[in-house]
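Asks: Just dropping this structure here.
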Amino acid sequence: MSFIPGPECAPCLDGLARAVLAGCGLLPGAAKTGPLAARLDEVIADGLARGHSPALIASRFLALARQESGVDDPFAAKKRQDMAAARRAAAGLGPLPATLAAVARAAILGNALDHFTGPGQDGPWRGGLGELRLGVDDLAQAEALLRPGALVAILADNCGEQAFDRPLVGHLLGRGCQVAYVVKSAPAQNDLTLDDLRHAGEDYGLGRIVGTGSAQVGLDPREVSAEIGALLARADLVIAKGMGHYETLRPAAGLWPHGGPPRPLLLLFLAKCAPVARSLDLAPGQGVALLIPPAEV
Numbered sequence: 008m009s010f011i012p013g014p015e016c017a018p019c020l021d022g023l024a025r026a027v028l029a030g031c032g033l034l035p036g037a038a039k040t041g042p043l044a045a046r047l048d049e050v051i052a053d054g055l056a057r058g059h060s061p062a063l064i065a066s067r068f069l070a071l072a073r074q075e076s077g078v079d080d081p082f083a084a085k086k087r088q089d090m091a092a093a094r095r096a097a098a099g100l101g102p103l104p105a106t107l108a109a110v111a112r113a114a115i116l117g118n119a120l121d122h123f124t125g126p127g128q129d130g131p132w133r134g135g136l137g138e139l140r141l142g143v144d145d146l147a148q149a150e151a152l153l154r155p156g157a158l159v160a161i162l163a164d165n166c167g168e169q170a171f172d173r174p175l176v177g178h179l180l181g182r183g184c185q186v187a188y189v190v191k192s193a194p195a196q197n198d199l200t201l202d203d204l205r206h207a208g209e210d211y212g213l214g215r216i217v218g219t220g221s222a223q224v225g226l227d228p229r230e231v232s233a234e235i236g237a238l239l240a241r242a243d244l245v246i247a248k249g250m251g252h253y254e255t256l257r258p259a260a261g262l263w264p265h266g267g268p269p270r271p272l273l274l275l276f277l278a279k280c281a282p283v284a285r286s287l288d289l290a291p292g293q294g295v296a297l298l299i300p301p302a303e304v
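Quick note: the sequence shown uses my numbering, first residue 8, plus one each step.
Shown next, in the form of structure tokens:
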């Protein structure tokens, strides 16, 4: 086992910061680029020195970049490309077995997208479900929670993943569950937002769509809106997609008021980077379906 952040996080965050600057139209050598780049570097160095998760560090320098550049969504163009690529790739999966295992694996496969994936490419999904290996598989335990009438909150991740999440939502609705699909209220890295769904005509087949009220990468449970706080506290199961949610919502991050989630939490993601994979004793690229029990209060 190891902790996040790891030694690889600094260059990864630096690459993300440069992508943010480029997305804000700040080219190397421009008058405003140097000072803002230096401030982003300071945020990264300070966060790493304090042992903060990369997701929280990214949230801070993304907010700074928006404030200083006036550009609300540096990844807008890439998200449109990713949305189209994910739509094509999800359609290529064909009909899925009517089991939680199948639709959850599809949702995990969708998590292949991130800000370092080539724009508009179908490469992340080329192997399909046949090549997806789960290094952690707690789906059977999670399935026991899915009684008719159960409330399931799904915390969405990257823009485009909704195409891979619809089979999961449809499966849950077919079992008589209530589903709340939670997306970012404002741009956070390349995460899915309410506006992304509406502008692309993709706001269907996802249950009740709810905004987080924030622009955080992952989710800081100490800073959520009252609506999301209540949802997390009463859901029979919370499903959180992506490494950002793993970094911020796992008990080791120390962000839950009582040391852990108030309700069962199922984390679905691909362990795409070495620090995250090491924290679970996995090899990079393996899928994760990790069920975290609620904290004892």
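Ideal Cβ placement from N, Cα and C applies to all residues, glycine included. This one's a predicted model, so the numbers in the text were calculated from it and none came from an experiment.
Name the two residues that bound the continuous alpha helix (DSSP H) containing GLY41.
Replies: Note, GLY41: alpha helix (DSSP H), 40-56.
Asks: Which first and last residues belong to the alpha helix (DSSP H) in which ILE115 is found?
Replies: Unbroken alpha helix (DSSP H) run through ILE115: 107-117.
Asks: Can you tell me the Cα-Cα spacing of GLU168 and ALA52, whole angstroms?
Replies: So the two alpha carbons sit approximately 31 Å from each other.
Asks: Please confirm whether ALA109 and LEU239 have their CB atoms less than 8 Å apart.
Replies: Cβ distance not < 8 Å, so ALA109 and LEU239 don't count as in contact.
Asks: Could you name each continuous beta strand (DSSP E) segment of 3 residues or more that falls completely within the segment 247-281, going from the start of the chain to the end?
Replies: Taking only runs of at least 3 residues, the beta strand (DSSP E) segments lying wholly in the segment 247-281 are 272-277.
Asks: How far does the beta strand (DSSP E) with LEU162 in it reach, from first residue to last?
Replies: Taken as a continuous stretch (DSSP letters only), the beta strand (DSSP E) holding LEU162 covers 158-162.
Asks: Do we get a CB-CB distance below 8 Å when we pair GLN169 with the residues of chain C?
Replies: Any reference to chain C falls outside this structure, which holds one protein chain only.
Asks: Using the C-alpha atoms, what's the distance from PRO35 back to GLY41?
Replies: The straight-line gap from Cα to Cα measures roughly 8 Å.
Asks: Considering just the uninterrupted stretch of the beta strand (DSSP E) at ARG173, what are its terminal residues?
Replies: ARG173 -> not in any beta strand (DSSP E); alpha helix (DSSP H) instead, spanning 169-181.
Asks: Pairs of beta-carbons, one from the segment 190-206 and one from the segment 254-270, closer than 8 Å: are there three or more?
Replies: Taking 8 Å as the limit for Cβ pairs, the verdict is that the segment 254-270 does not touch the segment 190-206.
Asks: Measuring only from the beta carbon, is PRO174 closer than 7 Å to any heavy atom that is part of the ligand HEM?
Replies: As far as ligands go, the structure on display features none, and thus does not contain the ligand HEM.
Asks: Taking the CB atoms as reference points, tell me whether ARG94 and ALA149 lie closer together than 8 Å.
Replies: Not closer than 8 Å, so no.
Asks: Going along the chain, which residues of its own chain have a beta-carbon closer than 7 Å to the beta-carbon of GLY266, five neighbours each way excluded?
Replies: Excluding positions up to five away in sequence, the list reads PRO258 and ALA302.
Asks: Determine the burial state of ASP288: buried for a count of at least 16 other Cβ atoms within 10 Å of its Cβ, exposed for fewer.
Replies: Exposed is the call here.
Asks: Quick check on the burial criterion: 16 or more other C-beta atoms within 10 angstroms. Buried or exposed for MET8?
Replies: The pLDDT assigned to MET8 is 38, lower than 50, so where the model puts this residue is not dependable, and the model offers no usable value.
Asks: Determine whether the beta carbon atoms of ASP164 and GLY218 lie at a separation below 8 Å.
Replies: Contact: no.
Asks: Measure the alpha-carbon distance for ARG173 versus ASP243 and round it to whole angstroms.
Replies: For ARG173 and ASP243, the distance between alpha carbons rounds to 19 Å.
Asks: According to the Cβ coordinates, are ILE299 and PRO268 closer than 8 Å?
Replies: In contact: ILE299 and PRO268 (Cβ atoms closer than 8 Å).
Asks: I need the straight-line Cα distance from GLY177 to LEU33, nearest angstrom please.
Replies: Going from the Cα of GLY177 to the Cα of LEU33 covers about 42 Å.
Asks: Pick helix, strand or coil for LEU243, following the three-state DSSP scheme.
Replies: Residue identity differs from the one stated: residue 243 is Asp in this sequence, not Leu. In this structure, ASP243 counts as coil in the three-state DSSP scheme.
Asks: Just to confirm, is the Cβ distance from LEU297 to VAL143 under 8 Å?
Replies: For LEU297 and VAL143, yes; Cβs fall inside 8 Å.
Asks: Going by other Cβ atoms of all chains shown within 10 Å of its Cβ, with 16 needed for buried, is HIS59 buried or exposed?
Replies: Buried: at least 16 other Cβ atoms inside 10 Å.
Asks: Counting along the chain, where does the beta strand (DSSP E) carrying LEU141 start and finish?
Replies: Element bounds for LEU141: 141-144.
Asks: Exposed or buried, which one is THR124 when buried takes at least 16 other CB atoms within 10 Å?
Replies: Model confidence at THR124 stands at a pLDDT of 49, short of 50, so the residue's coordinates are unreliable; what they give is reported in the following sentence. That one is buried.
Asks: If we count Cβ pairs, one from each stretch, closer than 8 Å, do we get three or more for the segment 218-237 versus the segment 97-111?
Replies: Flag = no, the segment 218-237 and the segment 97-111 do not touch.
Asks: Of all the options PRO18, ARG133, ARG46 and GLY292, which has the alpha carbon lying nearest to the alpha carbon of GLN74?
Replies: Nearest C-alpha to GLN74: ARG46.
Asks: Output needed for TRP263: all residues of its chain with C-beta closer than 6 Å, excluding positions within five of it in sequence on either side, in chain order.
Replies: Same-chain partners within the cutoff: PRO228.
Asks: Of the choices ALA84, ARG241 and ALA44, whose alpha-carbon is the least far from that of HIS206?
Replies: Looking at the Cα atoms, ALA84 is the closest of the given residues.
Asks: Span of the beta strand (DSSP E) holding ALA63?
Replies: Before going further, note that residue 63 is Leu rather than Ala in the sequence given. From DSSP, LEU63 is part of no beta strand (DSSP E) but of the alpha helix (DSSP H) over 61-76.
Asks: Using only the alpha-carbon positions, how far apart do LEU153 and SER66 sit?
Replies: Rounded to whole angstroms, LEU153 to SER66 spans 33 Å at the Cα level.
Asks: So, with DSSP's three-state summary, where would you put THR124?
Replies: Because the pLDDT at THR124 is just 49, under 50, the model does not fix this residue reliably, and the point stays unresolved.
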